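Only one structure is covered here, and it is reproduced in the block below.
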Amino acid sequence: GEDVEQSLFLSVREGDSSVINCTYTDSSSTYLYWYKQEPGAGLQLLTYIFSNMDMKQDQRLTVLLNKKDKHLSLRIADTQTGDSAIYFCASGSYIPTFGRGTSLIVHP
Amino acid sequence: EAQVTQNPRYLITVTGKKLTVTCSQNMNHEYMSWYRQDPGLGLRQIYYSMNVEVTDKGDVPEGYKVSRKEKRNFPLILESPSPNQTSLYFCASSLSNNAYEQYFGPGTRLTVT
Chain A
912 GEDVEQSLFL
922 SVREGDSSVI
932 NCTYTDSSST
942 YLYWYKQEPG
952 AGLQLLTYIF
962 SNMDMKQDQR
972 LTVLLNKKDK
982 HLSLRIADTQ
992 TGDSAIYFCA
1002 SGSYIPTFGR
1012 GTSLIVHP
Chain B
1384 EAQVTQNPRY
1394 LITVTGKKLT
1404 VTCSQNMNHE
1414 YMSWYRQDPG
1424 LGLRQIYYSM
1434 NVEVTDKGDV
1444 PEGYKVSRKE
1454 KRNFPLILES
1464 PSPNQTSLYF
1474 CASSLSNNAY
1484 EQYFGPGTRL
1494 TVT
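As they're listed, the protein sequences go chains A and B. Under our numbering, read the first sequence as residues 912 to 1019, first letter to last. Under our numbering, read the second sequence as residues 1384 to 1496, first letter to last.
Printed below as a string of structure tokens:
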């Protein structure tokens, strides 16, 4: 079946940029997503990108898609302590497959 | 307010005692699903439903049942819970099975002793 891989932890200093990486196997995915899970809460869609795009920017968030390598990244500029959360990569055009989540820890 | 609600939010139970976790959405979504979240394993889909009376197994359906008698409700049933079903459970819904956004409930933390 489809697989989505991402590293489990990322630690950054407040004000720096964070880059969370993800690889996926389903080359037929129409969408690729980033979901954010804050402590004690459910997942919330943060951003998504269509598979025919290679970049999407939304304020502090930049999503890069390398379809050839099946690699997706999420860059958060000027990372704040409020960005501390678990970030899930997901792929799929039918039922999304989620990665295991990357815990982003932002320290002062 | 558009939302997905789950009840209960927390539950501690004993092995073998049947339980039901309810899920309800008020957005008239066709597609609903259940996930479990475990440390280091991320989200794994248990069951999903593409419409009323249409349900199908996800990746980890063993030990679970679901029903979809009405569009808004999608309860998760554990007929005989076991300790390996201790987990955090999320219900989600979306407009259709290929809609780009799923809306997640707040989660139900279940402990089976």
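Glycine included, C-beta positions come from ideal geometry on N, C-alpha and C. Computed from a prediction, not measured in an experiment: that's the story for all the values here.
Close CB contacts of B:Ser1407 within its chain, under the 6 angstroms cut and outside five residues either way in sequence, are with Thr1388, Arg1455 and Asn1456 (chain order). As a beta-bridge residue in DSSP terms, B:Ile1395 pairs with B:Thr1494.
Residue environment: A:Thr936 is assigned as exposed (fewer than 16 neighbouring CB atoms within 10 Å of its CB, all protein chains considered). A:Ile997 is positioned such that its CB atom lies no closer than 8 angstroms to that of B:Gln1428. In this model, A:Val915 and B:Lys1401 are separated by some 33 angstroms (Cα to Cα). Taking the C-beta atoms as reference points, A:Leu919 is found nearer than 8 angstroms to A:Ser1014. A straight line joining the alpha-carbon of B:Pro1464 with that of B:Val1495 spans about 7 angstroms. A:Phe961 is classed as exposed because its beta carbon has fewer than 16 other beta carbons within 10 Å across all chains shown.
Around A:Ser995, the same chain offers Leu1015, Ile1016 and Val1017 as residues with beta carbons nearer than 7 angstroms, after the five sequence neighbours per side are excluded. For the set A:Gly1010, A:Arg986 and A:Lys979, the Cα lying nearest the Cα of A:Ser939 is the one of A:Lys979.
In this structure, DSSP gives B:Thr1438 an extended state, which the three-state scheme calls strand.
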